[in-house]
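Colleague: Position 42 (the sequence shown) corresponds to 41 in numbering that gives the first Met the number 0; numbering is contiguous. A virtual CB, placed ideally from N, CA and C, is assigned to each residue, including glycine. Provided herewith is a single structure, encoded as structure tokens, for subsequent inquiry.
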Amino acid sequence: MTAQDMAVAARPACRDAAGVTVELWGAGTFFAGCGAICLLAAGLGLAVPVLRRAGLPSRRPA
């Protein structure tokens, strides 16, 4: 199973979880939480040297 397959499989559960979160706490809290997760990911990307130097593999000719 590839990462793309896993992302497609997780999509319905994430959509339902987002709906429940908005229903319980409101859209503002949901978007603030999304922003906090993105800020944490950006901070980790800048703070961890291995992630900062990571790159995409070069493409091989077909």
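1. State yes or no: is the C-beta of Phe30 within less than 8 Å of the C-beta of Thr20?
2. Can you look up Arg58 in the DSSP assignment and give me helix, strand or coil?
3. CA-CA distance, Leu59 and Leu39?
4. In this structure, how does DSSP classify Val7 when only helix, strand and coil are distinguished?
5. Quick one: Cα of Leu65 to Cα of Cys37, how far?
Modeller: Checking against the coordinates, here is how it stands:
1. The sequence position of residue 30 within the sequence shown is 31, counting from 1. The sequence position of residue 20 within the sequence shown is 21, counting from 1. No; because the gap between Cβ atoms is not below 8 Å, this pair is not in contact.
2. Here residue 58 corresponds to residue number 59 of the sequence shown, with the count starting at 1. The answer is coil: DSSP assigns Arg58 none of H, G, I, E or B.
3. As a working note, residue 59 is residue 60 in the sequence shown. As a working note, residue 39 is residue 40 in the sequence shown. Before going further, note that residue 59 is Arg rather than Leu in the sequence given. Those two C-alpha atoms are separated by around 33 Å.
4. What you label residue 7 is simply residue 8 of the sequence shown in a count that begins at 1. Helix.
5. An answer regarding residue 65 cannot be provided, because it is not within the stretch 0 to 61 covered by the chain.
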